[in-house]
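Q:
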């Protein structure tokens with residue numbers, strides 16, 4: 001085929017065409033060679049093909065899709081896709097070879113970027129995933145880090161995409177289903193607990209990117225999950241510290257106020273209130289020091305903690321005050337616990353003559369809590385002071 005056949009279209013093609021003779025000398029170059037190689041046609045004519053290609057095919061048979069490099073005028077090599085076929089004369093004799101060169105730099109860069117991205121995914125400590133939702137939920141990718149975090153391999157998840165539903169914490173199952181039914185706020189991370197293969201629960205912050213089709217239907221989810229177990233444990237520890245008395249471990253006044261607010265405005269239930277005040281704490285502190293006073297407070301809490309074990313909040317409301325809120329109870333049960341507390345204190349004091357726990361106690365009961373709990377705390381407080389006055393009067397007499 002005569003090279004003139006290419007001249008008109010050559011400037012508009014993405015391929016650069018080169019023809020050589022049997023001595024590998026260039027006899028034709030398409031005009032668009034400048035955009036790819038930086039050479040003019042005149043500069044390339046008469047050159048050896050080895051001056052243009054990093055590797056010269058020795059096989060004279062037709063070929064396609066060989067990935068090699070081409071040499072540019074400015075020096076750098078560029079990746080190309082090379083195809084070739086023999087040039088034949090009228091007698092079907094080979095008189096040379098024709099090549100087409102396509103610049104694949106962008107594809108190579110994309111491929112390299114994809115490989116780099118895959119390496120990042122493979123090395124990430126976070127779980128990176130994609131899951132299709134149509135026709136059924138199915139993982140199409142999940143990073144190997146899943147094994148270290150949850151004890152299950154990526155391969156297991158790809159084979160059995162139901163694993164998350166099987167190991168999610170029962171209290172968090174609804175979060176997982178909302179995520180898959182597009183009924184949750186995807187702009188915020190979802191804190192979900194999953195059971196590790198060895199039995200303990202792992203907290204994950206799940207950052208989701210919803211994928212929709214043209215009709216607005218949720219068809220897939222991409223995202224990454226980060227292990228936040230240490231963070232959650234620290235938060236729980238800090239919460240315990242913020243809600244608990246440092247000396248006894250009882251709930252503190254801050255937590256008591258939170259519980260009272262909930263029972264006063266949100267959760268309605270029957271309540272029993274027991275108000276305790278240590279009678280001899282100030283005397284003990286003044287006479288024997290605060291170390292012994294602290295011991296007295298601790299012993300009082302231990303007695304309370306043995307009795308109020310169910311549906312109860314034991315809070316140290318002040319230096320010498322404890323308030324117990326008993327939820328979902330009855331007046332008879334409150335009286336029973338009150339008597340049990342008095343008997344337990346008396347029993348403790350029998351065996352500790354030199355270290356007496358003396359507590360004034362008052363109680364109250366209400367069949368409802370919303371709007372009235374503070375009133376019944378006040379009633380229990382007043383009953384406690386009546387008990388204190390009775391003791392004082394008996395001593396005076």
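Residue numbers (the numbering used here): 1 to 397. All residues carry an ideal CB built from backbone N, CA and C; glycine is no exception.
#1: Report all residues from its chain with a CB closer than 7 Å to the CB of residue 24; omit the five preceding and five following residues, and keep chain order.
#2: Here's the rule: buried if 16 or more other CB atoms are within 10 angstroms of the residue's CB, otherwise exposed. What is residue 94?
#3: Have a look at 383, 271, 153, 301 and flag the residue whose alpha-carbon is nearest the alpha-carbon of residue 369.
#4: Distance, Cα to Cα, residue 34 vs residue 91?
#5: Take the Cβ of residue 367 as the centre, count every other Cβ of all protein chains shown within 10 Å, and call the residue buried at 16 or more, exposed below.
#6: For the 8 Å Cβ check, are there 3 or more pairs between the segment 296–314 and the segment 237–254?
#7: May I ask which residues mark the beginning and end of the beta strand (DSSP E) holding residue 194?
#8: Per DSSP, what kind of secondary structure is residue 16 in: helix, strand or coil?
#9: With the cut-off set at 9 Å, would you say residue 26 and residue 52 are in Cβ contact?
#10: What does the alpha-carbon distance come out to for the pair residue 395 and residue 387?
#11: Jot down the residue ranges of each uninterrupted alpha helix (DSSP H) in the segment 236–306, minimum 4 residues, whole runs only, in chain order.
#12: Work out the CA separation of residue 343 and residue 318 for me, nearest whole Å.
#13: Could you say which of 17, 136, 151 lies nearest to residue 198 if we only look at CA atoms?
#14: Look at residue 180 and residue 142 and say whether their C-beta atoms are less than 9 Å apart.
#15: Considering Cα atoms alone, identify which of 306, 127, 275 is closest to residue 379.
#16: Since residue 324 is in the beta strand (DSSP E), which residue starts that stretch and which ends it?
#17: How do the segment 254–267 and the segment 238–245 stand: do at least 3 beta-carbon pairs fall below 8 Å, yes or no?
A: According to the structure data:
#1: Numbered from 1 along the chain shown, position 24 holds the residue referred to as residue 24. The beta carbon of residue 24 lies closer than 7 Å to those of 48, 49, 50, 56 in the same chain, with the five residues before and after it left out.
#2: Translated into the one-based positions of the chain shown, residue 94 becomes position 94. Residue 94 is exposed by the Cβ-count criterion.
#3: Here residue 369 is taken as the residue at index 369 of the chain shown, counted from 1. Out of 383, 271, 153, 301, 271 has the C-alpha closest to the C-alpha of residue 369.
#4: By one-based count along the chain shown, residue 34 stands at place 34. By one-based count along the chain shown, residue 91 stands at place 91. Cα to Cα, the separation comes out at about 34 Å.
#5: The sequence position of residue 367 within the chain shown is 367, counting from 1. Looking at its Cβ environment, which holds fewer than 16 other Cβ atoms inside 10 Å, residue 367 is exposed.
#6: yes
#7: Translated into positions along the chain shown, residue 194 becomes position 194. First-last of the beta strand (DSSP E) with residue 194: 190–195.
#8: In the chain shown, counting from the first residue as 1, residue 16 sits at position 16. In this structure, residue 16 counts as strand in the three-state DSSP scheme.
#9: As a first step, residue 26 must be located in the chain shown, where it is residue number 26. As a first step, residue 52 must be located in the chain shown, where it is residue number 52. For residue 26 and residue 52, yes; Cβs fall inside 9 Å.
#10: What you label residue 395 is simply residue 395 of the chain shown in a count that begins at 1. What you label residue 387 is simply residue 387 of the chain shown in a count that begins at 1. Take the alpha-carbon of residue 395 and the one of residue 387: they are about 13 Å apart.
#11: Those alpha helix (DSSP H) runs which fall completely within the segment 236–306 and span 4+ residues are 253–265, 281–288.
#12: On the chain shown, position 318 is the one that residue 318 refers to. On the chain shown, position 343 is the one that residue 343 refers to. One C-alpha to the other measures close to 24 Å.
#13: Locating residue 198 in the chain shown gives position 198, where the first residue counts as 1. Selected option, being the one with the closest Cα: 151.
#14: Here residue 180 refers to the residue found at position 180 of the chain shown. Here residue 142 refers to the residue found at position 142 of the chain shown. No, these two residues do not count as a Cβ contact at 9 Å.
#15: Residue mapping note: residue 379 aligns to position 379 of the chain shown, counting from 1. Closest option to residue 379, Cα to Cα, is 275.
#16: Position 324 of the chain shown, counted from the first residue, corresponds to residue 324. Segment 321–327, the beta strand (DSSP E) holding residue 324.
#17: yes
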